[in-house]
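*Asks:* Okay, handing you the structure first.
Residue numbers (this note's numbering): 145 to 373.
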């Protein structure tokens with residue numbers, strides 16, 4: 145039996161002070177700078193993504209199935225008891241028996257049924273919970289294999305944004321965190337853009353490394369001047 149744990153950092157104090165490795169690069173432009181790096185793997189075992197319970201789709205499918213099957217069974221029992229079948233079932237049986245396969249409504253109904261089936265199949269084979277980033281499971285610690293920890297992407301974005309604002313020269317910053325990529329945009333009101341971008345890239349690389357994610361996202365940094373006026 146395993147326990148699922150979600151840990152959401154609320155500030156810079158949640159990040160360790162161990163220096164991460166970064167390889168800042170310069171593109172030679174003054175409008176924007178961009179760099180890309182992958183955080184260095186630390187000790188630990190990779191963790192799988194969190195699986196969603198899919199409660200709402202499962203409940204909707206169950207209610208529709210129970211309602212349809214219950215109504216059909218009631219009509220069958222009524223016919224066996226000597227009553228006439230409901231008009232909707234007679235009409236449905238007549239339409240299915242007389243309409244050709246190339247009829248427009250037959251094609252539309254088949255397309256809708258196929259779309260719903262593919263949607264349910266996709267929900268069944270995909271983990272879901274894309275907002276949670278799994279963390280590495282440490283090795284050598286008793287009971288660590290029973291803990292499945294993750295970080296909320298919005299919480300990670302807030303932490304990285306706060307770290308970005310601490311870099312000298314950064315006036316404001318915006319960070320978007322995906323499952324595989326972290327994109328940071330900053331506006332610098334003083335200092336050279338390349339110097340700000342280099343320091344910002346190193347700071348965010350260290351922050352991403354200290355989060356201990358199972359899959360280290362690629363970091364991209366853009367720095368520009370704020371618009372005048």
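Built from N, CA and C at the ideal position, the CB exists for glycine as well.
1) Alpha carbon to alpha carbon, what distance is there between residue 282 and residue 258?
2) If we ignore side chains and look at the alpha-carbon of each, how far apart do residue 335 and residue 318 end up?
3) Below 8 Å, can you find three or more Cβ-Cβ pairs linking the region 265 to 279 to the region 349 to 359?
4) Is it buried or exposed, residue 294, if we count other Cβ atoms within 10 angstroms and call 16 or more buried?
5) Residues bridged to residue 368 by DSSP?
6) Quick check on the DSSP output: the alpha helix (DSSP H) that includes residue 312 runs from which residue to which?
7) Give the DSSP bridge partners of residue 319, in chain order.
8) Do residue 367 and residue 348 have their C-beta atoms within less than 8 Å of each other?
9) Could you give the distance in angstroms between the alpha-carbon of residue 376 and the alpha-carbon of residue 351?
10) Going by Cα to Cα distance, which pick from 246, 218, 273 is closest to residue 195?
11) Residues in its own chain within less than 7 Å of residue 315 by CB, not counting five upstream and five downstream?
12) If you draw a straight line from the C-alpha of residue 166 to the C-alpha of residue 254, how long is it?
13) Taking just the CA atoms, how far does residue 297 sit from residue 169?
14) Would you call the CB atoms of residue 362 and residue 325 closer than 8 Å?
15) Taking only the alpha-carbon atoms, compute the straight-line gap between residue 292 and residue 268 and give it to the nearest angstrom.
16) Would you say residue 328 and residue 344 are within 8 Å of each other, going by their C-beta atoms?
17) Is residue 219 near residue 230, with beta carbons less than 8 Å apart?
18) What's the C-alpha gap between residue 286 and residue 197?
19) Does the beta-carbon of residue 224 have 16 or more other beta-carbons within 10 angstroms, so that it is buried, or is it exposed?
20) Using the beta-carbon count (16 or more within 10 Å), is residue 199 buried or exposed?
*Replies:* In short:
1) Within the chain shown, residue 258 is the residue found at index 114, counting from 1. Within the chain shown, residue 282 is the residue found at index 138, counting from 1. About 44 Å.
2) Walking along the chain shown from the start, residue 335 turns up at place 191. Walking along the chain shown from the start, residue 318 turns up at place 174. Cα to Cα, residue 335 sits roughly 19 Å from residue 318.
3) yes
4) In the chain shown, residue 294 corresponds to position 150, counting from 1. The residue in question, residue 294, is buried, as its Cβ has 16 or more Cβ neighbours within 10 Å.
5) Translated into the one-based positions of the chain shown, residue 368 becomes position 224. According to DSSP, residue 368 shares a beta bridge with 331.
6) As a first step, residue 312 is located in the chain shown; it is residue number 168 there, counting from the start. Per DSSP, residue 312 belongs to no alpha helix (DSSP H) and is neither H nor E.
7) Residue numbering aside, residue 319 sits at position 175 when the chain shown is read from its first letter. Beta-bridge pairing links residue 319 to 328.
8) Walking along the chain shown from the start, residue 367 turns up at place 223. Walking along the chain shown from the start, residue 348 turns up at place 204. No. Outside cutoff.
9) For the chain, the structure presents residues 145 to 373; residue 376 sits outside this window and is missing.
10) For the purposes of this step, residue 195 is identified with residue 51 of the chain shown, where counting begins at 1. Just measuring C-alpha positions, the residue of 246, 218, 273 sitting nearest residue 195 is 273.
11) Taking the first residue of the chain shown as 1, we reach residue 315 at position 171. The residues are 331, 332, 333, 370.
12) Here residue 166 corresponds to residue number 22 of the chain shown, with the count starting at 1. Here residue 254 corresponds to residue number 110 of the chain shown, with the count starting at 1. Per-residue confidence for residue 166 stands at a pLDDT of 40, beneath the threshold of 50, marking its modelled position as unreliable; no derived number is given.
13) Residue 169 sits at position 25 when you count from the first residue of the chain shown. Residue 297 sits at position 153 when you count from the first residue of the chain shown. Caution is warranted here: a pLDDT of 42 is assigned to residue 169, below 50, making its placement in the model unreliable, and the coordinate value is therefore given only provisionally. Near 26 Å, if we compare the C-alpha coordinates of residue 297 and residue 169.
14) Counted from its first residue, the chain shown places residue 362 at position 218. Counted from its first residue, the chain shown places residue 325 at position 181. Contact flag set, yes.
15) Here residue 292 refers to the residue found at position 148 when the chain shown is read from its first residue. Here residue 268 refers to the residue found at position 124 when the chain shown is read from its first residue. For residue 292 and residue 268, the distance between alpha carbons rounds to 21 Å.
16) Numbered from its first residue, the chain shown carries residue 328 at position 184. Numbered from its first residue, the chain shown carries residue 344 at position 200. In contact: residue 328 and residue 344 (Cβ atoms closer than 8 Å).
17) Stepping through the chain shown from its first residue, residue 219 is reached at position 75. Stepping through the chain shown from its first residue, residue 230 is reached at position 86. Yes. Within cutoff.
18) Position 142 of the chain shown holds residue 286. Position 53 of the chain shown holds residue 197. Taking the CA atoms as reference points, residue 286 sits about 28 Å from residue 197.
19) The count along the chain shown starts at 1 and reaches residue 224 at position 80. Exposed, by the Cβ-count rule.
20) The residue you call residue 199 lines up with position 55 of the chain shown. By the C-beta density criterion, residue 199 is exposed, having fewer than 16 other C-beta atoms within 10 angstroms.
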